[in-house]
Amino acid sequence: MSSGPRTKLSGFFNRLFDKSNRNAVAPSGSEPPSTIAPLLNQYSEHGMFSQAHGLVFNNAQFNNNPHFNNVSPDVGSGAGLRKLLKHSMPDAFHDSAARYPPPKCHLSTRKEYIAQITDWAAGNSDHEKPVLWMHGPFGVGKSAVAQTNRSNPRQVFTSIAYQIATQCKAYAIVIDTRIREDPALTTKSLATQFEELLVIPLCQIDVTKEDFDGRVVIIDGLDECRGVSEQREIIKIIAASARMRTTPFRWLITSRPEEPIIRTMHSPSVSPIISCIELPVSREIDHEILIYLIDEFEKIREHNGLAETWPPEDTLALLVERADGLWIYASTITRFVNDDNSLGPEHQLRLVLEFTLNVSRVAGMGNPLAEMDVLYTLIMQQIPPTIRVTLQKILLIQSMDIVYYPRHIASSLRLSVEQFRRCCAAVHSVMRLSDSAKPTLDEMRLQFYHASFLEFLTDPRRSQDLCVHGVFLTCLRAELLEWLHSVYSYTKDHSEVILPSATALPKEITASDCHRYALDLFWELCCMSNHPIDTSTATLISRLPFRKIFSLLPGAALRNQCPFVPHDCTRIMRENLPTVFRDKIARIGKCPNPRCMNPNDVVVLGEGANEVITPYAYDAFYWANNQNVQTDICPCGGQIRREGDKESLI
1 MSSGPRTKLS GFFNRLFDKS NRNAVAPSGS EPPSTIAPLL NQYSEHGMFS
51 QAHGLVFNNA QFNNNPHFNN VSPDVGSGAG LRKLLKHSMP DAFHDSAARY
101 PPPKCHLSTR KEYIAQITDW AAGNSDHEKP VLWMHGPFGV GKSAVAQTNR
151 SNPRQVFTSI AYQIATQCKA YAIVIDTRIR EDPALTTKSL ATQFEELLVI
201 PLCQIDVTKE DFDGRVVIID GLDECRGVSE QREIIKIIAA SARMRTTPFR
251 WLITSRPEEP IIRTMHSPSV SPIISCIELP VSREIDHEIL IYLIDEFEKI
301 REHNGLAETW PPEDTLALLV ERADGLWIYA STITRFVNDD NSLGPEHQLR
351 LVLEFTLNVS RVAGMGNPLA EMDVLYTLIM QQIPPTIRVT LQKILLIQSM
401 DIVYYPRHIA SSLRLSVEQF RRCCAAVHSV MRLSDSAKPT LDEMRLQFYH
451 ASFLEFLTDP RRSQDLCVHG VFLTCLRAEL LEWLHSVYSY TKDHSEVILP
501 SATALPKEIT ASDCHRYALD LFWELCCMSN HPIDTSTATL ISRLPFRKIF
551 SLLPGAALRN QCPFVPHDCT RIMRENLPTV FRDKIARIGK CPNPRCMNPN
601 DVVVLGEGAN EVITPYAYDA FYWANNQNVQ TDICPCGGQI RREGDKESLI
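Sequential numbering from 1 applies to the sequence shown in the UniProt record's numbering.
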């Protein structure tokens, strides 16, 4: 998408299995048996999916899509499909570089669950219902490569529709036409999207001929999808479709056993068509974790020319004990030990053992996450302080309920490609920077091996002084705000952004982009729910020259390329502000211009000479220039009644 850092992406990785590509599974990497996708991959190579196929959506983000070339160029004008692509998630495709190597189950592990899932997918199971829900707590192996972004659920069904279009010309023709006739389809409600982008188009093609009957759609990590109500709505829509057979698919959903999801799954309208498989935390899999550790350490040993006696058996036994039935612990340990940016595997393993023995015994008795917290603490403490602070800023941004791409983050924090790359390399064992060798940030993407790392960093009880919320968040807000005030002080007119002389701007980032993304990031940080804004920061926000700010931003004609902020976020910001500052900084209501005919609420920033009525579209305002609009158009999007004009229209 091209709307700047406010690019919101649905939080599902995906993988497409089709008959023609059954053996095109990438070689097994070093991942443990940890997602539903690898559970299926493990046996798709051996013909166990002879009667089923699957679309898999896990948590991922993406931008440009090479698969668009799969769609025949004579499919209409292609404008509809391009629109659909902008609201989809290409980096999650099965052969995407962002997901290589794909997660796969380690040999000789998870056989029971693999068999249950593959039998269900092939229709040879006691689980005969069309929807299968696999649930389990933190770290048991549901998601090997969980993304940091908190998913925008409104892109779940658009992504499924786009992938179908890349595989089926007949469907692509139908969907391209429908979106060209109604471009707003991709932004409508979830229920409408499902009906208009999936149910109706699939009724217009021969699903049997296209071999769609029985395909399996896998939604991995539904609990990480942003919004409890959206999670429940997705379940209900899928259940209704499965019950009424409005689509030819079978559906596999994985999640943590969160209370709202449990309640929805057990509701009268959903439970009759759903089967459940629980993946519990269990010490019964200790032998599988041991097999995994033995094999992974053997690879590390051979690659580094270490003695065959390394590591000793008692060390492996201790690591299995510390894992306590959690696959995520074992996989993080092996990546940490194998980190190229270290003094070597022996040194890394020694750090783990010493830190674990000295700290973990007193780190939260009875806390099931204690061992992971100890490991995450060790990983962060090994980073030099000068890099760690910048890295914490990056991680804080990644923890927000919105996707920021590397370019946006670097622009906001004024980091060069090399600086950004070095910061990310410091946490290689928990986070991957895909396409890191690229010369620019545009094609790079951040991927976290497990959502628990960001959960750790945002929970002060667990990460303590490493926490990126609380004091750290307040300091980052203040830092960005101070820099913005400096920009407006140096910028004397409204034609060009002038940065402070001390700003070391990377050559690949323009002054305009740096200002625009820093402004948007600051506002988003202020819109984080339940994170109050201190009086000092609020005072400085109230003094921002909003008229000058908007005059320095891209013109109204470029709104589709500008960051935007939903009204809900502005409401949260108002709640974060001390009461006395709320009306001084941001107001939501009818346009204060008495001649404006816009019936919708608008966002008004600042007061007095600095007051700005923001551009309006759907439920959001844009950080875009609204000073040079036509005189008969209100900046908020409504017409102005002219004197003596009795026929004025909204």
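Cβ coordinates follow ideal geometry from the N, Cα and C atoms, glycine included.
Just so you know, these numbers come straight off a predicted model, no measurement behind them.
- Annotation: the continuous beta strand (DSSP E) that includes H135 extends over V131 to H135.
- Between the C-alpha atoms of T332 and E259 there is a straight-line separation of about 28 Å.
- Each of R432, K438 and E455 was checked against the Cα of Y449, and the nearest Cα belongs to R432.
- Per DSSP, the continuous beta strand (DSSP E) segment holding F448 begins and ends at R445 to F448.
- When DSSP states are grouped into helix, strand and coil, D220 belongs to the strand group.
- With fewer than 16 other beta carbons inside 10 angstroms of its own, C475 counts as exposed.
- Our two residues, W133 and A609, have alpha carbons roughly 57 Å apart in a direct line.
- Counting only the Cα atoms, N530 lies some 17 Å from L454.
- Taking a C-beta distance under 7 Å as the contact criterion, L197 and I218 do not qualify as a contact pair.
- Counting only the Cα atoms, K83 lies some 7 Å from P183.
- In terms of CA proximity to P153, L222 leads the group Y113, C514, S463 and L222.
- L343 and I379 have their C-alpha atoms spaced approximately 14 Å apart.
- In the DSSP assignment, C423 falls outside any beta strand (DSSP E) and lies within the alpha helix (DSSP H) extending over V417 to A425.
- In the structure shown, the three-state DSSP call for G227 is coil.
- Secondary structure at V270: coil, using DSSP grouped into helix, strand and coil.
- With the rule of 3 Cβ pairs closer than 8 Å, the region 541-551 counts as touching the region 581-591.
- Taking a 10 Å sphere around the C-beta of T570, we find 16 or more other C-beta atoms and assign the residue as buried.
- Fully contained in the region 575-620 are the following beta strand (DSSP E) runs of length 3 or more, in chain order: 586-589 and 602-605.
- Within the region 491-528, the complete alpha helix (DSSP H) runs of at least 4 residues fall at 511-526.
- Just so you know, the alpha carbons of F355 and F212 end up roughly 52 Å apart.
- About 52 Å separates the beta carbon of R180 from that of G325, a gap too long to meet the 8 Å contact definition.
- Apart from the 5 residues on each side of it in sequence, I274 sits with its Cβ closer than 8 Å to the Cβ of K129, V131, L132, W133, A239 and M265 in its chain, given in chain order.
- Closest in alpha carbon position to W483, among P500, M400 and K188, is P500.
- Relative to the Cα of T246, the nearest Cα in the group F472, G123 and V207 belongs to V207.
- In the DSSP assignment, the residues bridged to M431 are F448.
- Annotation for T192: L185 place their beta carbon closer than 8 Å to its own, counting only its chain and skipping 5 residues before and after.
- Cβ contact annotation for I383 (same chain, cutoff 6 Å, sequence separation greater than five): A426, in chain order.
- In the displayed model, S241 falls within a helix according to three-state DSSP.
- Under the three-state reduction of DSSP output, T474 falls in the helix class.
- A straight line joining the alpha-carbon of D568 with that of M528 spans about 11 Å.
- Per DSSP, the unbroken alpha helix (DSSP H) holding I261 starts and ends at E259 to M265.
- The straight-line gap separating the alpha-carbon atoms of C423 and T386 is approximately 10 Å.
- For S551, the three-state secondary structure derived from DSSP is helix.
- Taking a C-beta distance under 7 Å as the contact criterion, P201 and V174 qualify as a contact pair.
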